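Below is one structure, written out as structure tokens; the observations come after it.
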Amino acid sequence: MAILKLEDGTIYTQINDISRELKPLNVKLNHWPVGENPETHNLLAKDVLSDDEKEQLLQSLDNYFEELKESAGYQSRDLVAIHPEIPNLDAMLSKFDKCHTHADDEVRYIVAGEGIFGFVRPDNSQVELTVQPQEYINVPANTEHWFYLTEKKM
305 MAILKLEDGT
315 IYTQINDISR
325 ELKPLNVKLN
335 HWPVGENPET
345 HNLLAKDVLS
355 DDEKEQLLQS
365 LDNYFEELKE
375 SAGYQSRDLV
385 AIHPEIPNLD
395 AMLSKFDKCH
405 THADDEVRYI
415 VAGEGIFGFV
425 RPDNSQVELT
435 VQPQEYINVP
445 ANTEHWFYLT
455 EKKM
């Protein structure tokens with residue numbers, strides 16, 4: 305379940321409340337279940353996946369990617385697997401933990417683990433959204449944001 309924290313300490317956990325607060329940014333958040341396939345869950349339980357296993361996991365979730373391809377014209381997908389034992393993890397993540405923008409939408413489907421997206425709203429206030437397993441987030445192009453992992457680092 306996503307958690308949105310406002311600067312004043314207000315916390316929202318209901319997707320409708322979170323969506324309302326993020327609407328001025330056009331950030332979209334959805335819950336996308338990974339399903340009950342035992343093979344998918346076995347893959348999600350692993351810390352490290354081979355390239356073949358990554359592709360197998362992506363294929364098990366292709367219905368969501370096909371939906372995005374049709375509705376938004378996205379053409380490619382990939383899988384980023386992050387876990388605490390990745391060499392130079394902090395250095396890798398330091399590219400994202402400062403306020404930045406992208407020329408294209410940033411689309412993430414969190415299938416395991418959790419992370420925090422921070423945003424600057426139109427009134428210059430800041431919010432932080434913790435995204436958790438089975439949540440999809442779309443950060444529109446040119447939206448000021450940052451990202452970091454929770455203490456679990458996965």
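All residue numbers for the sequence shown refer to the working numbering, where the first residue is 305 and numbers rise by one. The beta carbon of each residue, even a glycine, is placed where N, CA and C say it ideally should be. For clarity, every value in this text was computed on a predicted model and none was experimentally measured.
### Query
Cα-Cα, which of Asn428, Phe423, Glu311, Leu433 is closest to Lys402?
Indexing the sequence shown from 1 puts residue 402 at position 98. Residue Phe423 is the option with its Cα nearest to Lys402.
### Query
What do you get for Ile322, buried or exposed, if any count of 16 or more other CB atoms within 10 angstroms of its CB means buried?
The residue you call residue 322 lines up with position 18 of the sequence shown. It counts as buried.
### Task
Compute the Euclidean distance between the alpha carbons of Glu359 and Asp312, then round it to the nearest angstrom.
Sequence index remark: in the sequence shown, residue 359 carries index 55 (1-based). Sequence index remark: in the sequence shown, residue 312 carries index 8 (1-based). Those two C-alpha atoms are separated by around 42 Å.
### Query
Between which two residues does the beta strand (DSSP E) carrying Thr434 extend?
Taking the first residue of the sequence shown as 1, we reach residue 434 at position 130. That run of the beta strand (DSSP E) goes 430-435.
### Message
Measuring straight from C-alpha to C-alpha, what distance separates Ala395 and Leu310?
### Response
As a working mapping, residue 395 is identified with position 91 in the sequence shown. As a working mapping, residue 310 is identified with position 6 in the sequence shown. C-alpha separation (whole angstroms): 28 Å.
### Query
Which stretch, first to last residue, makes up the alpha helix (DSSP H) that contains Phe369?
Within the sequence shown, numbered from 1, the residue matching residue 369 stands at position 65. Residues 366-376.
### Query
Mind pulling the beta strand (DSSP E) runs of 3 or more residues that sit fully within the stretch 374-458?
410-414, 419-424, 430-435, 439-443, 449-453
### Message
So for Lys309, helix, strand or coil by DSSP?
### Response
As a working note, residue 309 is residue 5 in the sequence shown. Looking at Lys309 - three-state DSSP - the assignment turns out to be strand.
#### Entry: N-terminal and C-terminal residue of the beta strand (DSSP E) that Leu333 is part of
Residue mapping note: residue 333 aligns to position 29 of the sequence shown, counting from 1. From DSSP, the beta strand (DSSP E) with Leu333 extends over 332-335.
### Task
Assess, as a yes-or-no matter, whether the stretch 437-447 is touched by the stretch 413-420 under the definition of 3 or more beta carbon pairs within less than 8 Å.
yes
### Task
Grab the span of the alpha helix (DSSP H) containing Glu325 for me, first residue to last.
Taking the sequence shown and counting its residues from 1, one reaches residue 325 at position 21. From DSSP, the alpha helix (DSSP H) with Glu325 extends over 319-326.
### Message
For the structure I just gave you, are there three or more beta carbon pairs, one from the stretch 373-385 and one from the stretch 340-349, closer than 8 Å?
### Response
no
### Query
Could you check where the alpha helix (DSSP H) with Asn341 kicks off and where it finishes?
For this step, residue 341 is matched to residue 37 along the sequence shown. Here Asn341 belongs to no alpha helix (DSSP H), and DSSP marks it neither H nor E.
### Message
Out of Val443, Thr447, Thr434, which one is the CA nearest neighbour of Lys460?
### Response
This structure cannot settle anything about residue 460, because the visible part of the chain is limited to 305 through 458.
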